[in-house]
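Below: the structure, in structure tokens.
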Amino acid sequence: MLISETAKRMRYLYDVNRLGHAYLLLGEHSSLLVETAKQMTHMLFCEHITPEGEACGVCDDCLRLNSDNHMGVYWIRPDGASLKIAQMRTALSADTRKANGVKMRIIVIEDAHKLTPEATNAILKWVEEPGLNRLFLFLTVSLSAILPTLRSRCAVLRIDRRDSAAVFEMSKNPLFTLWSEVDDGDDKEKSEVRFADTVSLVLELGQSMARKEVQGWHVIAERFAKMNYSPPESYAVVDLLIAYFRDLIAVTCASPIVYFTNQTDQLKKVAQSDRVSLYARCALEIGNLRKLLASHVQMITALEAVVLRIQRELA
Ligand SMILES: [Zn+2]
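Start counting the sequence shown at 0; every next residue gets the next number (numbering that gives the first Met the number 0).
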């Protein structure tokens, strides 16, 4: 088995005690996602990692994994067209039973985009507080089909044939989950630079709106225009802006920040509790923008209308 860099990276994180407890494996090919998840189970359970950093393939754990007979792995596949609430309940109760001699439990959910809303809701609490040594791997070909409540509890890993540690690191940034769908995979590095530029632009615009300093709009608009956003990118920009205001509201209520986790200090400097209704208003107006984008209105034009409207009302 040729082990991918992502699976090796998982073992490394486990060894240094930095492994998260829920990951969303996102890619275009279900078979590749399944393969990667299998590699991850091997890399995490094998006690005889080779000098090349691969699972040995012959130890007791590896053999059991090969024959789909490992106590530490609970693998859930859709039952018919969907992943049902009954399956989740069965998994939950199986999780409370003891598994002797197993150092961790990995719960793999294949085709996670087929989770019904009820099934998703049934596992939210489990995913959030999974108990010791649990690891969730949600496999999906569609990020947007995963309920945001579940999505926000997972770190997203993009899995493609050229997977690398660099992509792994990037995907741990929760903001990137909003951006990753626009990435067509042609040029990872270029996409990551565009992502970083966009985040700084969003922060700047969000901040100026939150501080009622919309006079600077034309400067920001010019920079937005220079980015020449594609239609899918425009949606991502809108989503990033909504996320900004939601996080800003979270800060004022002392709730945890979901997306701008790397910019917590910056958000804290901006947030004022007496302006929560303004932030909510901004999030709502920008949310309405999404509909305009669907009817091919230019993102910057629509954004300008929102900015000017809010400015006029504040004057
Ligand atoms: Zn082994």
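Ideal Cβ placement from N, Cα and C applies to all residues, glycine included.
Annotation: the continuous beta strand (DSSP E) that includes L23 extends over 21-25. Under the three-state reduction of DSSP output, S3 falls in the coil class, being neither helix nor strand. Annotation for I108: I75, F137 place their beta carbon closer than 6 Å to its own, counting only its chain and skipping 5 residues before and after. Short of 6 Å from the beta carbon of M208, and not among the five residues preceding or following it, lie these beta carbons of its own chain, in chain order: C281.
Within its own chain, the residues whose Cβ lies closer than 6 Å to the Cβ of G215, once the five positions on either side in sequence are excluded, are S207, listed in chain order. Excluding five sequence positions before and after F194, the CB atoms of its chain that fall closer than 7 Å to its own CB belong to F175, W178, given in chain order.
DSSP places L156 in the strand class (E or B) of the three-state scheme. Closest in C-alpha terms to T251, from the list A36, S229, V275, comes V275. With a cut-off of 6 Å, the C-beta of C61 is classified as near ligand 1, since at least one heavy atom of the ligand falls inside that distance.
For G130, the closest alpha carbon among the candidates I105, E232, R150 is that of I105. If you check the CB distance, K113 and L146 do not come in under 7 Å. The three-state reading of DSSP puts D78 in strand, counting E and B together. Just measuring C-alpha positions, the residue of A90, E4, D94, I84 sitting nearest G52 is E4. Taking 7 Å as the cut-off, the beta carbon of Y13 is found no closer than this to the beta carbon of L62. In this structure the stretch 221-236 does not lie against the stretch 259-267, because fewer than three pairs of beta carbons, one per stretch, are closer than 8 Å.
Residues of the same chain with a CB within less than 7 Å of the CB of I248, apart from the 5 flanking positions on each side, are V275, Y278, A279 in chain order. Per DSSP, the continuous beta strand (DSSP E) segment holding F137 begins and ends at 133-139. Distance from the CA atom of S92 to the CA atom of A85, rounded to whole angstroms, is 11 Å.
For R210, the three-state secondary structure derived from DSSP is coil.
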